[in-house]
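Sequence order for the protein chains is A and B. So for the first sequence, our numbering puts the first residue at 1; every next one is plus one. So for the second sequence, our numbering puts the first residue at 1001; every next one is plus one. Glycine included, each C-beta is placed from N, C-alpha and C at the ideal position. Worksheet for the structure shown next.
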Amino acid sequence: MAVHQAATSLVRDAKSGDDAAFEILLDPLLEPGYRLACGMLHDPDAAQDAVQEAAFKAWRKLEQLRDGTEMRPWFLGIVANECRSTRRSHWWSVVKAQQPEGTAEVPTDAVLTGLELRKALMAMDAPKRLVLVLHWYLDLPLEEIASVTGSSVHAAESRLRRSELELRRRMEGMRGYRA
Amino acid sequence: VDIERDLRSEFRRALAEVTPPAPWLGAAVREELRNRSPKGWKPMVRVLPRQSSPRLMHSPWLQGTWRGVSLVAGLLVLLLVAALVIGAHAWRNGDFKTHQVPAVQSPTIKQYQALVSADLQKSVNVNAFTCSNLDDAACLPRTALADAAEQHWLDDLTSSQPPARFAVLDALMRRHLARILSADQAFVAAFRAKDPTAHRAASDVQSGFGAVNLPVTSEIAELQGLAGDIVASGQGTIVSYTAAVRQDKASLLGSSGPTGAASCAACQQLVSSGLASCEVGQGAACASHIADIRAQMEIFQGHLVLLFAPDSLAVKAARLQADLAVADPLLNEIESALSAGDQGGLRSGLDALRTLLVRVDSDAAAIVGNA
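What follows is the structure, encoded as structure tokens:
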């Protein structure tokens, strides 16, 4: 409770123009924001750019943060939007180019598995990839995933399940086997 | 559980490879913020310096030339504005983002997936707006555009015979489309009547910590979810298929959902003790529970298309799908009985639904036991 009150007080200070308060709020969010951006873009340089841009947009849009709203899902939502807008055209081209046909060779080591997984992940559309990264890479609970994606908890869970199934099937397709 | 854990650890390892440590990130962001956000910073409006001196502009020759240039520039501006208006209209229609895929009477699986994919993308594009303000003049035109896309989608489905694999989801999508169109009619009427409760959004409207779930919102979400299942449909292995069925079985009648969230409480309540909310006088709560059961059954059906059975499990999978397919007409009957106040019809419908849920659970157990 005390932590929440302190955060609320910091948000109020930041909204009134206290840059130091904003930096205190932002600091612990940069690492999850960077991991989210890396998970979405698979490109550390682009991820850093996305986080920097998101931080700037968060500063500009701080007035829009409703009182009582948690800062982390709000900021991660901005990072996710930044990732989407910077690489939208690329995503579409990847989605179209990588339909799984089940013709790849069976991987034999973790490196290949990692490559396959990233390839399968990049072939998925952005909303599905986002919930997977939030849940499996950032360990966010469903309630927070729902806040980041602007949906209900039920909708977030439903999307997560569908995304998991699709990822699993795409990976199996790339491995080219049918058990 | 092991499969889940394996995939999760593979996922973490794969993404860790593209996430090198960035200890300088905090300092870089702070520096960037300081550079870009000095006190009183406002978006910079660039004012171009005048290119010509006033004395030169008084030359008659130059004045004539300047008038011609001004005329051409004016025409260009008009053309640009017209192009922007037409472009914005086409963009809202989704014409730039989707390819028109003609409906074919008996499409192949790929043709049908392409058709659904195009209609889905268009639906996503035109539904990306929220109307929660009665003064928003764009609400009704946007709703009309969304309805045009939904009607087009419905027409596409009606004029095509879906491949057998997608027949059940095809019927479910048509029902969602009809409900979206109907909910939008109600929204438009409420908006025109200046009803302050008139809202329309394709995703849940955030309100503080919670979300306002609107009828049209859940219909759109379920429609787009099912369409996504069709577009990404592919065959699973025994391992992945049984894992998926196990999770949906747990969501339906298990103690908790696969991601740890609450599963279908209404399904469990119906099977264990009956739905108390469907006794006389609790219409809204009963309708909500029926909707929950319907949503859970639809999600299960969608997953079985997204990841369809390997050949060795095809017979058992067909039995499960056939039983799940009975749910939709049965739920329609239950809803009709509820809205008509037919308590006898409601009770017999719920009895049949309870039997069906148990049978679906048993079908799923036969598949899971195979693993």
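Interface flag, residue i vs chain B, CB-CB below 8 angstroms
{"i": "A:C83", "result": "no"}
{"i": "A:R12", "result": "no"}
{"i": "A:A7", "result": "no"}
{"i": "A:R162", "result": "yes"}
{"i": "A:W59", "result": "yes"}
{"i": "A:T86", "result": "no"}
{"i": "A:R72", "result": "no"}
{"i": "A:L30", "result": "yes"}
{"i": "A:R168", "result": "yes"}
{"i": "A:R196", "result": "Not covered by the structure: residue 196 of chain A. The range shown for chain A is 1 to 179."}
{"i": "A:Q64", "result": "no"}
Neighbouring residues, chain B, relative to residue i (Cβ below 7 angstroms)
{"i": "A:L165", "result": "A1244, H1303, L1306, L1307"}
{"i": "A:S158", "result": "G1225, I1299"}
Beta-carbon proximity of residue i to residue j, cut-off 8 angstroms
{"i": "A:L132", "j": "A:S163", "result": "yes"}
{"i": "B:L1320", "j": "B:V1358", "result": "no"}
{"i": "B:E1222", "j": "B:A1295", "result": "yes"}
{"i": "B:L1385", "j": "B:Q1269", "result": "In the structure as shown, chain B begins at 1001 and stops at 1371. Residue 1385 of chain B is therefore absent and cannot be evaluated."}
{"i": "B:Y1310", "j": "B:Q1235", "result": "Looking at the sequence itself, residue 1310 of chain B is Pro, so the reference to Tyr does not match. Against a cut-off of 8 angstroms, the Cβ pair of B:Q1235 and B:P1310 comes out as a contact."}
{"i": "B:P1025", "j": "A:Y137", "result": "In the sequence on display, residue 1025 of chain B carries Leu and not Pro. It is not a contact, given that the beta carbons lie outside the stated cut-off."}
{"i": "B:F1011", "j": "B:R1165", "result": "no"}
{"i": "B:K1194", "j": "B:L1252", "result": "no"}
{"i": "B:L1306", "j": "B:S1233", "result": "yes"}
{"i": "A:L26", "j": "A:A46", "result": "no"}
{"i": "B:V1216", "j": "B:R1192", "result": "no"}
{"i": "B:T1237", "j": "A:E172", "result": "yes"}
{"i": "B:S1240", "j": "A:R169", "result": "yes"}
{"i": "A:V148", "j": "A:G77", "result": "yes"}
{"i": "B:I1334", "j": "B:G1349", "result": "yes"}
{"i": "B:K1122", "j": "B:A1149", "result": "yes"}
{"i": "B:M1297", "j": "B:A1337", "result": "no"}
{"i": "A:E166", "j": "A:K128", "result": "yes"}
{"i": "B:D1248", "j": "B:H1303", "result": "yes"}
{"i": "A:Q52", "j": "B:A1028", "result": "yes"}
{"i": "B:V1033", "j": "A:A7", "result": "This sequence places Leu at residue 1033 of chain B; Val is not what is there. For B:L1033 and A:A7, no; Cβs fall outside 8 angstroms."}
{"i": "B:L1181", "j": "B:D1229", "result": "no"}
Chain-ordered neighbours of residue i on chain A, where CB pairs are closer than 7 angstroms
{"i": "B:D1010", "result": "What sits at residue 1010 of chain B in the sequence shown is Glu, not Asp. The answer, in chain order, is T113, L117."}
{"i": "B:P1020", "result": "P44"}
{"i": "B:A1221", "result": "A155"}
{"i": "B:L1356", "result": "Neighbours of B:L1356 on chain A: none; closest Cβ ~21 angstroms, over 7 angstroms."}
8 angstroms Cβ cutoff, residue i in contact with chain A
{"i": "B:L1172", "result": "no"}
{"i": "B:Q1247", "result": "yes"}
{"i": "B:D1156", "result": "no"}
{"i": "B:D1229", "result": "yes"}
{"i": "B:R1294", "result": "no"}
{"i": "B:L1015", "result": "yes"}
{"i": "B:S1240", "result": "yes"}
{"i": "B:L1007", "result": "yes"}
Distance between beta carbons of residue j and residue i, contact taken as under 8 angstroms
{"i": "B:L1120", "j": "B:A1227", "result": "4 angstroms"}
{"i": "A:L29", "j": "A:R72", "result": "6 angstroms"}
{"i": "B:T1143", "j": "B:D1184", "result": "6 angstroms"}
{"i": "B:A1352", "j": "B:L1330", "result": "6 angstroms"}
Beta-carbon neighbours of residue i, restricted to chain B and to distances below 9 angstroms
{"i": "A:F56", "result": "V1029, E1032, L1033, R1036, S1037"}
Chain-ordered neighbours of residue i on chain B, where CB pairs are closer than 8 angstroms
{"i": "A:V79", "result": "Within chain B, no residue comes near A:V79; the closest Cβ sits about 12 angstroms away, beyond 8 angstroms."}
{"i": "A:D27", "result": "G1026"}
{"i": "A:E23", "result": "R1030, L1033"}
{"i": "A:V51", "result": "L1025, V1029"}
Chain A contact residues for residue i, given Cβ-Cβ distances below 8 angstroms
{"i": "B:L1331", "result": "Those within 8 angstroms of B:L1331 in chain A number zero; the least Cβ separation is about 18 angstroms."}
Proximal residues of chain A, C-beta to C-beta of residue i below 9 angstroms
{"i": "B:R1200", "result": "Those within 9 angstroms of B:R1200 in chain A number zero; the least Cβ separation is about 15 angstroms."}
Check: residue i C-beta below 7 angstroms from any heavy atom of the ligand HEM
{"i": "B:Q1121", "result": "Of ligands this structure carries none, so the ligand HEM is not represented either."}
(message) Can you pull out the residues from the stretch 1132 to 1144 of chain B whose beta carbon lies closer than 7 angstroms to at least one beta carbon of chain A?
(response) For the stretch 1132 to 1144 of chain B, which is checked against every Cβ of chain A, not one residue is closer than 7 angstroms.
(request) May I ask you to list, following chain order, the residues of the stretch 1104 to 1120 of chain B that have a beta carbon less than 8 angstroms from some beta carbon of chain A? (result) Listed by position along the chain: nothing, the set is empty.
(request) Using a Cβ-Cβ cut-off of less than 7 angstroms, give me the residues of the stretch 1308 to 1319 of chain B that come near chain A, in sequence order. (result) So the close ones are P1310.
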